[in-house]
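Protein sequence lines, in the order shown, are assigned to chains A and B.
Using the working numbering, the first residue of the first sequence is number 9, and each one after it goes up by one.
Using the working numbering, the first residue of the second sequence is number 9, and each one after it goes up by one.
There are 2 protein chains.
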Amino acid sequence: MQTPVSIILDWGTSSLRAALVSRSGDTLDSRETQSGGIQFVKDGAFEAALMAAVGDWFSSHGPLSVFASGMITSRNGWVEVAYVDAPAGVAELAAGTRRMTLANGAPITFLPGMRDPAAKPFPDVMRGEEAQIIGCGVDTDRTLVLPGTHSKWARVEKGRISGFQTYATGEIFSLLTKHSFIAKAQDPEPGNGPLWEAFDRGAQFAASDNAAADAFFSAIFSARTGILAGELRPEDIMDYVSGLVIGSEFRQARAAGWLKSGDTVGIVGNNVLNSRYGRIAPLFGLEIEVSPADAAKRGVLMIASQATEI
Amino acid sequence: MQTPVSIILDWGTSSLRAALVSRSGDTLDSRETQSGGIQFVKDGAFEAALMAAVGDWFSSHGPLSVFASGMITSRNGWVEVAYVDAPAGVAELAAGTRRMTLANGAPITFLPGMRDPAAKPFPDVMRGEEAQIIGCGVDTDRTLVLPGTHSKWARVEKGRISGFQTYATGEIFSLLTKHSFIAKAQDPEPGNGPLWEAFDRGAQFAASDNAAADAFFSAIFSARTGILAGELRPEDIMDYVSGLVIGSEFRQARAAGWLKSGDTVGIVGNNVLNSRYGRIAPLFGLEIEVSPADAAKRGVLMIASQATEI
């Protein structure tokens, strides 16, 4: 068995995920706990929460180096780490880390998030996604998309992340299907998997030449008119809206200059949404590169290795 | 006092509004009841609900003619009236009415909604707005916007409504400010009226030359990044988002071909949103025409007068 040398924390608002990692970067053990999520930790007792989650790893293996990223480094977290401005690569992110020593003598390094001061109307921000991007490799200039509640479109140039933009796509999908007129119209069939035909129908309209597809506030009303017209069934709605919303993200990202037909785009992360994004990309003339599933861990280790040399 | 000759019903899902009207079209009395809303009426007891609301008007004035529009004419209402296809004017809408006689001998006429078979991706629909448009007068060719939960952009040509498109703007605003990341960020100050400076800031970005404004899913994230950047205060958020969302409706409607700089656009209805729409229109180079407050009643009477002649 390999020897553990570090603990990597993906520490967010709703959960704490921890990985016990070897020198070669292999994951030897991993845990996820809801109770460690920032919103559940009272009175700033983050160190106690960490020990409750992985104290036995320290007991067994000594004062391992800890590397933490995610909302734990935000204003509401343990240690606020200032955003590093784009353009930034491994060196700039490593220089932006903050280090402390735990009561048990283990060093803990908090990784910074990133800020794009050129984004409009206000500088954009991310915490955690920058490590995923770094972990995918930054040797080749390209555009990347990171699907999620708040998707990111990012550009890698000359070994650094040169800019990025947040799209609240996942949240808008959730709002529409949980709380809007659509919530009443739909009839999901859990467990049956995506109805790809319905998904494609929404996506194809979003990718079409029709100018009406530029009007998302209107296009989304098609979830009702499609039922009225007998073109959609209640069980189609969830996937139809998914295709329409994600397709609209691509359409908007194209309008904002993040993609054009013929580009190759990397899809980053192992989010369940990635297969949906991969299905839509060709409708916009894009070639897809799939990222390694452990991109986040790789990125943290790359940044961490430079940070600990400083 | 003038003699009442008819009762006009604006009968929707959540409320029943009734007006007692003279021959010259003046409103002599009016009432609104929540309990008469379609969703609260059990077992199809619509006639009983009508009598509970305005039975005394019949007792006092005899079997007055009743004209009903709104969701009461939909599949979930009292009498389903088929949509009349665009293009349609007073004559076509009058021909699409359905008439019944109440137990007390009063004739009740149900007005049809309208359908635009040319809308993409599916035919669009409305119930009630067509009467408002007719009531504004259809002598002049022009574009109209009807602000609301589901706003309509409509075109009047040659005395008829030639086409229209629904924008779920009000609903999207409500979802975002009630249920999204924005709900936590905002700090509304009820009773202080709109913070127009914040409203204008959102609207101006939506109307700007910046291509990022074409990406609504991204632009809306500025409600968070504006706070982080110290550019917006929590109390600004509600009106900032209002300006951004309504401004985005105009931007999308422009992309979809409903408006261009230099046009004159009518704002229809007496919705509280109208002042917000009127404030944004000049940012898109539009001249505004305000509609009469009683456009809906006028329209119903114009359609009704032809319907009862048939």
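For glycine and all other residues, C-beta sits at the position ideal for the given N, C-alpha and C.
In this structure, residue 138(B) sits near residue 169(B), with a CB-CB distance shorter than 8 Å.
Nearest Cα to residue 302(B) within the set 15(B), 12(B), 30(B) and 34(B): 34(B). Closest in alpha carbon position to residue 176(A), among 172(B), 51(B) and 183(B), is 183(B).
Under DSSP, residue 275(B) shares a beta bridge with 153(B) and 298(B). The Cβ of residue 282(A) sits no closer than 8 Å to any Cβ of chain B. At a cut-off of 8 Å between C-beta atoms, residue 219(A) counts as an interface residue with respect to chain B. One thing to note: residue 180(A) has its Cβ no nearer than 8 Å to the Cβ of residue 189(B). From the beta-carbon of residue 179(A), the residues of chain B found nearer than 8 Å are 188 and 189.
In the DSSP assignment, residue 184(A) falls within the alpha helix (DSSP H) that extends over 177 to 187.
Under the DSSP assignment, residue 165(A) falls in the beta strand (DSSP E) whose first and last residues are 159 to 165. For residue 39(A), there is no enclosing alpha helix (DSSP H); the enclosing beta strand (DSSP E) has its first and last residue at 35 to 41. Beta-carbon to beta-carbon, residue 286(B) and residue 144(B) are separated by about 15 Å, too far to satisfy the 8 Å threshold. Of all alpha-carbon atoms in 158(B), 192(B), 120(B) and 82(B), the one lying nearest the alpha-carbon of residue 92(B) is that of 120(B). Proximity of chain B to residue 260(A) at the Cβ level (cut-off 8 Å) is accounted for by 222, 223, 224, 225 and 226, in chain order. Among the residues facing chain B, residue 213(A) is included, as its CB has a counterpart in that chain under 8 Å away.
Minimum Cα-Cα distance from residue 159(B) among the listed residues 167(B), 166(B), 136(B) and 89(B) corresponds to 136(B). Below the 7 Å Cβ cutoff, chain A contributes 130, 131, 132 and 133 as neighbours of residue 233(B), in chain order. Boundaries of the beta strand (DSSP E) around residue 24(B): 24 to 30.
For residue 183(B), a Cβ of chain A is located within less than 8 Å of the residue's own Cβ. Cβ contact annotation for residue 57(A) (same chain, cutoff 6 Å, sequence separation greater than five): 44 and 49, in chain order.
Shown here is that no member of the stretch 64 to 75 of chain B has a Cβ falling below 7 Å from a Cβ of chain A. Excluding residues up to 5 positions away in sequence, 142, 310, 311 and 314 lie with their Cβ nearer than 7 Å to the Cβ of residue 98(B) in the same chain. Below 8 Å, enough C-beta pairs join the stretch 234 to 250 of chain B and the stretch 204 to 213 of chain B to call them touching: three or more.
Taking a Cβ-Cβ threshold of 7 Å, the residues of chain A close to residue 237(B) are 130 and 131, in chain order. In the displayed model, residue 291(B) falls within a helix according to three-state DSSP. Taken through DSSP and simplified to helix, strand or coil, residue 96(B) comes out as strand. A residue is called buried once 16 or more other Cβ atoms fall within 10 Å of its Cβ, and residue 148(B), having fewer, is exposed. The C-alpha of residue 194(A) lies about 51 Å from the C-alpha of residue 68(A). Straight through space, the alpha carbons of residue 221(A) and residue 23(A) are spaced by roughly 37 Å. Spatial neighbours of residue 206(A) in its own chain (CB-CB distance under 6 Å, excluding positions within 5 residues in sequence) are listed in chain order as 244, 247 and 248.
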